Amino acid sequence: MSEILTYTSDILSEKYYAIKHQSGLKIYVFPKNMSSTYGIFSVRFGGSVIEYSLDGKDVILPEGCAHFLEHKMFDNPDGSNADDVFSSLGAYDNAYTSSERTAYIFSATDNVEKCVEHLLYFVTNPYFTKESVKKEIGIIAEEIRGCKDDPYDRCYVDMLEAMYHNNPVKTEICGSEKSISEITPDVLYKCCEDFYTPENMMLVLCGNVDPDGIVEIVDRVIGTDRKKYRADVKSFDEPRTVRKAFTERKMAVGKPLFCIGIKDTDIPADPRVRYKRLEGMNILLNMLFSAAGDFYLEMLESGLLSPGFDSGYSSSAQSAYVMMSGESDDPILLLEKIKEQIKKARREGLSRVDFEREKKCHYSSYVADFDSTEDVAFALTSYATDGMELFEYPDVVSSVTLEYLTELLNESFDEDSFVLSVIRPK
Amino acid sequence: MFEKVIRREDANFTLRAIKTDRFKMSRLSFNFIMPADKEKSPLCKLMLAVMMRGSRRYPSVVEINRHLDEFYGATVTWRTNSVGGRHVFRISCEMINNRYRFAGDNQNILRGVAEIVLNVLLDPMLDENGLLCAQNIESEKKIAIDAIQAKINDQKAYSAEQCHKYMLGDDASGISSSGTIEQIEGFTAEELTANIAYFLENSVLECYYVGEENAEEIADIIDGAFTAVKRGRATLELSEKAFVSGRDSVQTIDEKMEVSQGRLNIGCLCGTVMSDRDYYAMNLFNEIFGGSSVAKLFINVREKQSLCYYCYSAYHSANGTIMINCGIKKENRDRALEEIKRQLFLMQNGEFSDEEISTAKKTILSGMRQINDSPSSLEAFSFRRLLAGVGEELSDAAEKIDAVTREDIIAAAKKVKIDTVYFLSGDGEEDEDDE
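Chains as they are written, first to last, in our numbering: chain A, 1 to 426; chain B, 1 to 435.
Structure below.
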């Protein structure tokens with residue numbers, strides 16, 4: 001039998017169910033009284049999976065494999081295409097591949113059960129032919145060209161490339177025109193076999209859904225047999241310092257774009273500790289650099305920064321870094337100002353007033369997510385992928401203290417963990 | 001849907017509100033509407049940007065943001081939209097509802113946020129000469145100019161905008177609120193400052209609120225803030241008309257830039273605006289033709305012929321145009337164009353299935369139902385119809401969609417005429433410098 005746990009939040013007056021299905025599939029069902037129901041069926045297999053071993057055999061995949069597979073997954077063995085099926089149900093479907101996972105999505109206002117059923121069906125019943133794979137190479141090659149023309153994307157990819165020596169998170173998710181030309185139906189079938197097993201997958205639903213109904217559909221489409229997930233993705237050693245502190249490229253842009261990365265190799269294994277660090281870092285970054293801070297105003301007034309400057313910290317079990325991005329006439333000088341701002345904060349200490357205010361902002365953006373079935377589904381997916389429960393968030397935030405932030409401030413941001421990636425006008 | 005409509009004559013504004021506890025966040029917006037004007041619109045846009053940099057009570061953008069952050073990071077955003085010859089300057093606020101405040105916090109979030117925004121709008125920070133602050137003007141001019149220059153960073157949007165520009169020429173529906181670099185450089189502090197009174201006096205103001213508070217109270221807050229402000233009697237111009245280019249043959253434009261993917265944009269005239277009887281037929285035509293990933297264009301130009309990564313069409317109901325855009329290899333331009341023309345021809349001859357009609361209807365109806373799921377989409381639905389002079393509820397719209405027949409869609413397809421073909425591509429070898 002499947003095991004069902006209920007999580008409730010008094011603050012939000014919301015609840016959801018976490019189900020461990022017999023097949024090994026993790027299921028999250030979040031009932032919500034809205035017109036649209038949102039579903040995400042995801043697999044822990046993304047652009048960064050290149051080398052793995054299974055039963056003692058090493059496998060190396062062409063770069064861009066997970067993303068290619070995502071595209072081809074929409075063809076069904078019965079000759080239909082998943083897009084057509086969802087459209088005929090009046091639903092919207094989509095998919096995306098990140099470096100860590102591939103996710104297949106639908107949103108529907110009607111026929112929810114049929115949509116869930118088809119979502120489960122099409123992602124677990126692949127169908128590839130030589131012809132269809134060959135044709136897709138042309139389509140993805142165009143996508144790669146499109147990305148190459150996107151200066152913001154280039155700037156970010158260049159930053160990762162400069163930051164990491166070995167971490168495969170830097171692998172381009174779409175691959176290259178050359179790497180995708182090596183992809184064949186056999187390669188794709190093997191990826192499905194090795195990664196698309198229920199134990200390595202998760203189904204998240206938010207909207208007009210009830211847990212019993214969903215379990216019944218999963219029983220029917222996925223079955224109740226348990227098959228072990230056995231792929232062992234190759235681990236890597238990543239030095240603490242960056243590979244290259246500076247990288248630049250010329251493109252057709254109006255003014256220079258930059259991505260500043262600050263590498264963090266101190267990644268706690270316990271997801272709760274990792275989330276505390278994530279929240280702490282983001283609150284800290286806002287205190288130092290947000291549009292409600294003096295630094296931002298000074299940079300804006302001196303013309304060193306344009307509006308649209310963003311800073312944030314992202315982390316997973318695999319990688320963590322701070323990223324700041326935007327447009328500036330002089331990114332090199334801006335980086336110096338940012339380093340000075342960090343030193344100044346270390347010298348002068350952090351303000352408790354700023355801290356309390358920033359906490360309120362973080363709390364309200366968490367609450368805001370619960371106004372959208374899409375946001376809830378994404379939040380559940382990412383929390384659960386990281387081994388956390390969504391309603392644990394308020395506890396994590398309350399464990400973040402000013403003293404903790406001071407500790408982060410003093411121990412992070414080493415001189416040799418900075419990367420500056422710039423795209424300059426031609 | 002906005003069952004509460006409050007009209008205040010002196011301050012000349014209308015507030016439309018929905019009182020609901022369905023959402024955790026609430027939304028209040030101020031829509032200032034002016035006729036699109038080549039000179040005035042960019043001036044108003046820059047003026048607003050400068051005003052958003054600080055008021056007398058909150059003398060810098062940081063002061064404004066800090067106070068908003070005290071209200072749990074309430075956001076205030078402003079943007080300018082062009083809707084059929086009018087420019088809408090919208091300032092919208094989103095904030096958490098009072099019941100989610102921390103324990104012991106008794107401040108009224110909506111009131112607090114509304115007061116900040118109204119203060120910024122009505123009590124600008126002026127220097128000893130009574131002018132908007134020179135430093136903020138210079139800074140915002142630079143930002144506006146940078147934004148114009150940065151348009152080429154996004155080639156998809158850039159090429160679409162270029163196509164629009166060439167097609168619409170001097171028509172009011174094609175006037176950009178961004179202006180030109182020369183215009184922005186030329187605006188003086190005197191002009192910008194004088195424009196504040198002009199803007200407040202001559203704009204139509206439509207406000208929207210979705211949330212837990214009482215609409216009357218909000219109307220009182222707005223009314224109170226406007227007591228010292230001179231408001232004229234501007235009224236909403238309700239007629240929207242379809243753009244007519246008067247061209248006999250297709251206009252073709254080729255632009256070169258250093259890019260690796262070519263962008264093909266095709267501007268079409270369709271003669272139907274939102275208030276027209278065949279509005280939903282045109283919607284359905286567009287949905288089947290190029291509105292989704294099961295549409296004719298996507299299936300044939302991308303899936304069957306692998307000519308592109310994307311190929312879509314978008315229907316603009318405020319000026320009766322349809323814009324087709326796709327990303328292709330340079331050498332595929334003619335083949336893609338031919339295929340797009342052929343698909344249009346086939347639709348005009350009724351070559352689409354009943355299943356395609358039913359799928360398109362379901363998709364559009366599903367989109368309609370989702371409007372109930374967010375304050376901003378509720379507002380967008382209502383406001384768009386307000387501008388078009390169409391008084392309909394979601395249920396009316398759904399009925400009209402359902403009633404559209406195959407013949408209606410063919411008739412709509414036959415009205416679609418290609419007017420302008422714009423192609424942006426690289427002028428040399430393909431860019432291969434990455435390996």
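Using N, Cα and C, we set each Cβ at its ideal position, and we do this for glycine too. Quantities reported herein were computed from a predicted structural model and do not represent experimental measurements.
Check                                                                                                                                                                                  : Outcome
With distance defined between alpha-carbon atoms, name the residue in B/362, B/253, B/297, B/42 nearest to residue 336 of chain B.                                                     : B/297
Could you tell me the distance, in whole angstroms, from the CA atom of residue 438 of chain B to the CA atom of residue 324 of chain A?                                               : Not covered by the structure: residue 438 of chain B. The range shown for chain B is 1 to 435.
Taking only beta carbons into account, state which residues of the region 260–285 of chain B come closer than 7 Å to chain A, listed in chain order.                                   : 260, 261
Determine, for residue 421 of chain A, whether the minimum Cβ-Cβ distance to residues of chain B falls below 8 Å.                                                                      : no
Which bits of chain A does residue 327 of chain B rub up against, with CB to CB less than 7 Å?                                                                                         : 142, 146
In chain A, which residues lie with their C-beta within 8 Å of the C-beta of residue 149 of chain B?                                                                                   : 254, 255
Closer than 8 Å, CB to CB, is residue 360 of chain A near chain B or not?                                                                                                              : yes
Is it a yes or a no for the region 22–41 of chain A touching the region 373–383 of chain A, going by three-plus beta-carbon pairs under 8 Å?                                           : yes
Using a Cβ-Cβ distance cut-off of 8 Å, determine whether residue 20 of chain B contacts chain A.                                                                                       : no
What are the partner residues of residue 294 of chain B, as DSSP defines its beta bridges?                                                                                             : Partner(s): none; residue 294 of chain B has no beta bridge.
Taking the alpha helix (DSSP H) that residue 366 of chain A belongs to, which residues open and close that run?                                                                        : 352–368
Just to confirm my understanding: we take residue 106 of chain A, look at its own chain, exclude 5 residues before and 5 after, and list those with CB closer than 7 Å. What are they? : 39, 86, 91, 92, 93, 115, 119
Does chain A have any CB closer than 8 Å to the CB of residue 396 of chain B?                                                                                                          : no
For a quick check, are the C-beta atoms of residue 89 of chain B and residue 48 of chain B less than 8 Å apart?                                                                        : yes
Verify whether the separation of the beta carbon atoms of residue 112 of chain A and residue 37 of chain A is less than 8 Å.                                                           : yes
Can you give the Cα-Cα distance for residue 193 of chain A and residue 225 of chain A, rounded to whole angstroms?                                                                     : 15 Å
On a CA-only basis, which of B/319, B/50, B/392, B/215 is nearest residue 14 of chain B? Give me that one, please.                                                                     : B/215
Considering just the uninterrupted stretch of the beta strand (DSSP E) at residue 396 of chain A, what are its terminal residues?                                                      : No beta strand (DSSP E) contains residue 396 of chain A, which is instead part of the alpha helix (DSSP H) from 393–398.
To be precise: take each residue of the region 96–120 of chain B, compare its Cβ to all Cβ atoms of chain A, and keep it if any distance is under 8 Å. Which residues remain?          : 96, 100, 102
If residue 308 of chain B sits next to residue 142 of chain A, beta carbons under 8 Å apart, how far is it from one beta carbon to the other, in whole angstroms?                      : 6 Å
On the CB-based measure, 16 or more other CB atoms within 10 Å of its CB, does residue 243 of chain B come out buried or exposed?                                                      : buried
Quick check: is the beta carbon of residue 296 of chain A nearer than 8 Å to any beta carbon in chain B?                                                                               : yes
Buried or exposed: which applies to residue 206 of chain B, given that a residue is buried once 16 or more other Cβ atoms fall within 10 Å of its Cβ?                                  : buried
By the criterion of Cβ-Cβ separation under 7 Å, what are the contact partners of residue 308 of chain B in chain A?                                                                    : 142
May I have the straight-line CA-CA distance separating residue 335 of chain A from residue 285 of chain A, to the nearest angstrom?                                                    : 14 Å
For residue 250 of chain A, which of helix, strand or coil comes out of DSSP?                                                                                                          : strand
If you follow the alpha helix (DSSP H) that residue 183 of chain B is in, where does it begin and where does it stop?                                                                  : 181–186
Interface residues of chain A around residue 363 of chain B at Cβ under 7 Å?                                                                                                           : 87, 90
Within 10 angstroms of the Cβ of residue 408 of chain A, are there 16 or more other Cβ atoms? Answer buried if so, exposed if not.                                                     : buried
Residues in the region 21–44 of chain B with C-beta within 7 Å of chain A's C-beta atoms, listed in sequence order?                                                                    : 23, 24, 25
For residue 187 of chain A, return the contacting residues in chain B, with the cut-off set at a CB-CB distance below 8 Å.                                                             : Result: empty, since nearest Cβ-Cβ is about 20 Å, beyond 8 Å.
Quick one: is residue 190 of chain B buried, meaning 16 or more other Cβ sit within 10 Å of its Cβ, or exposed?                                                                        : exposed
Going along chain A in order, which residues have a C-beta closer than 7 Å to the C-beta of residue 142 of chain B?                                                                    : 303
Cutting at 6 Å between CB atoms, please list the residues of its own chain near residue 5 of chain A, excluding the five before and the five after it.                                 : 18
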